[in-house]
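Chemist: Mind having a look at this structure? Questions to follow.
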Amino acid sequence: MSFDRLIKKIIETGNPTVVGLDPKLDYVPNFIKEKAFEEKGAELKGAASAIYRFNKAIIDEICDIVPAIKPQSAYYEMYGWQGVKTLYKTIQYAKSKGMFVIVDGKRNDIGATMEAYTNAYLGGAEVNGVRLEGFGADALTVNGYLGTDGIAPLTKVCSEDDKGIFVLVKTSNKSSGELQDRLLAEGGTVYNAMGDMCEKWGEGTIGEYGYSAVGAVVGATYPEQLAEMRAKLPHTFFLVPGYGAQGGGAEGVSKAFDERGLGAIVNSSRAVMCAYQKEGCDEKDFAKAARREVIRMRDDIASFIPALKK
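Here is the structure:
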């Protein structure tokens, strides 16, 4: 199963973290933007080119110590088709470096439309009788609030093509509780029910480490709920956003892990991409600054979780 590949990369690198490549043009050093604008024009094409150069340099610096990247599709879509092309190129480049790629798209629909989303990001489209891969991601974040009709097309591809999904369960944003914490008539919260559904949807896709192809997004900003979900969802692998810039700390995110130091991967985006700005170092040192930040993050989290075991 797909998450077996991710877990093996986590064990290999000793690092249960993922870097969110969610680049705004403001994050890109001026020397990169100036070069891209000179070559491609100070418009969407030039912006997309600058972002790809930025991403590529960070991937080159972190691919030996970080198992995965997580590009958020909106940060590419806002630069039009040129930005979407950069998303594709970023995915392919990271995979060429041996990294696992989670596309953060939070897609949600039913029937043929969900099949189309699934084929775009995880599967493939048939052209003249040949199945051709679209974006080629390893995993996709999805919204499960349309129920099984919106998840079944994904789990089919997960089983057939060695892919994974992360379903929104308890998200890291401040207002998540407005819906997710509501109590249901039969007892428990909405997020409890969604977590239980993740366990059910993942049945039949359990891999060698005991985790299914259906993961859950559970935010670092709610450590009590992280601990609760870890105890209740023994076969569900967690994607944990909210570490760093959103206020989640290493001690809190440690609640997401099992006794083997497995079961979760923690995301950091802006703190890595903008590490050079925080350090105040030369902007041409931005990729090295990103490397220093991911090492710091790795060591910080490792100090609170059990030693990684196969």
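For the sequence shown, our numbering puts the final residue at 299, and the numbers step up evenly by one. Just so it is clear, CB atoms sit at the ideal spot from N, CA and C, and this is done for glycine as well. Source: prediction; values computed, not measured.
Can you name, in chain order, every residue of its own chain whose Cβ lies under 6 Å from the Cβ of SER257, other than the five neighbours on each side?
Modeler: So the list reads TYR232, GLY233, MET286, once near-sequence residues are dropped.
Chemist: Is LEU297 helix, strand or coil when you go by DSSP?
Modeler: Three-state DSSP puts LEU297 in coil, outside helix and strand.
Chemist: Check whether the region 79 to 88 and the region 43 to 58 are in contact - that is, three or more C-beta pairs closer than 8 Å.
Modeler: These segments touch.
Chemist: Look up ARG120 in the DSSP assignment and give the residues it is bridged to.
Modeler: For ARG120, which the question treats as bridged, DSSP gives the partners GLU115.
Chemist: Is there contact here, the region 101 to 114 with the region 138 to 151, by at least three beta-carbon pairs under 8 Å?
Modeler: Cβ pair count under 8 Å is three or more, so yes.
Chemist: When you compare each of TYR198, VAL203, GLU115 to MET186 by their alpha carbons, which one comes out closest?
Modeler: Cα-wise, what sits closest to MET186 is VAL203.
Chemist: From what residue to what residue does the beta strand (DSSP E) around ASN44 run?
Modeler: Not the beta strand (DSSP E): ASN44 falls in the alpha helix (DSSP H), residues 33 to 51.
Chemist: Reducing DSSP to helix, strand and coil, say where THR79 ends up.
Modeler: DSSP places THR79 in helix when its eight states are reduced to three.
Chemist: What is the C-beta distance between THR6 and ILE290, in whole angstroms, given that I count them as a contact (C-beta under 8 Å)?
Modeler: So it is a contact: roughly 7 Å between Cβ atoms.
Chemist: Let me make sure I understand the geometry here. Which of GLY139, MET67, ASN117 has the alpha-carbon closest to that of ALA101?
Modeler: Of the candidates GLY139, MET67, ASN117, the one whose C-alpha sits nearest the C-alpha of ALA101 is GLY139.
Chemist: Per the contact definition of three or more C-beta pairs closer than 8 Å, is the region 19 to 28 in contact with the region 36 to 43?
Modeler: Result yes; three or more Cβ-Cβ pairs closer than 8 Å.
Chemist: Tell me the residue span of the alpha helix (DSSP H) that contains ALA239.
Modeler: Its alpha helix (DSSP H) spans residues 239 to 242.
Chemist: Identify which residue in GLU122, PRO142, GLN71, TRP70 has its Cα closest to the Cα of ASN97.
Modeler: Out of GLU122, PRO142, GLN71, TRP70, PRO142 has the C-alpha closest to the C-alpha of ASN97.
Chemist: Determine the closest residue to MET183 out of ASP170, ILE195, GLY193, SER164, with distance taken between C-alpha atoms.
Modeler: For the residues ASP170, ILE195, GLY193, SER164, the minimum Cα distance to MET183 belongs to ASP170.
Chemist: Where does LEU228 sit, in a helix, a strand or coil, going by DSSP?
Modeler: It is a strand residue.
Chemist: Given a threshold of 16 other Cβ atoms within 10 Å of its Cβ, counted over all protein chains shown, does ARG120 qualify as buried or as exposed?
Modeler: It is exposed - the Cβ of ARG120 has fewer than 16 other Cβ atoms within 10 Å.
Chemist: TRP190: buried (16+ other C-beta within 10 angstroms of its C-beta) or exposed?
Modeler: It counts as buried.
Chemist: Report yes if the C-beta distance between ILE154 and ALA128 is below 9 Å; otherwise report no.
Modeler: Taking 9 Å as the Cβ cut-off, ILE154 and ALA128 qualify as a contacting pair.
Chemist: Report the residue from ALA63, GLY69, VAL55 whose alpha carbon sits nearest the alpha carbon of SER38.
Modeler: Comparing Cα-Cα distances from SER38 to each of ALA63, GLY69, VAL55, the minimum goes to GLY69.
Chemist: So, does the region 260 to 271 touch the region 208 to 228, judging by three or more C-beta pairs under 8 Å?
Modeler: At 8 Å Cβ cutoff, the stretches do not touch.
Chemist: Starting from GLY100, follow the alpha helix (DSSP H) in both directions and report where the run begins and ends.
Modeler: Its alpha helix (DSSP H) spans residues 100 to 110.
Chemist: Considering ASN181, what are the terminal residues of the alpha helix (DSSP H) in which it resides?
Modeler: Here the alpha helix (DSSP H) through ASN181 covers 179 to 190.
Chemist: Can the beta-carbon of VAL158 be found closer than 9 Å to that of VAL92?
Modeler: Cβ atoms of VAL158 and VAL92: not closer than 9 Å.
Chemist: Let me know if THR137 comes out buried or exposed under the rule of 16 or more other beta-carbons within 10 Å of its beta-carbon.
Modeler: Classification of THR137: exposed, given that the 10 Å Cβ count is below 16.
Chemist: Using DSSP with H/G/I as helix, E/B as strand and the rest coil, what is SER257?
Modeler: Residue state, collapsed to three classes: strand.
Chemist: Identify, in the order they occur along the chain, each residue of the same chain with its Cβ nearer than 6 Å to the Cβ of SER201, setting aside the five sequence neighbours on each side.
Modeler: GLY191, THR194, ILE195, HIS224, listed in sequence order.
Chemist: Quick check: does the Cβ of LYS(-3) come within less than 8 Å of any heavy atom belonging to the ligand HEM?
Modeler: In terms of ligand content, the structure shown is empty, and the ligand HEM therefore cannot be addressed.
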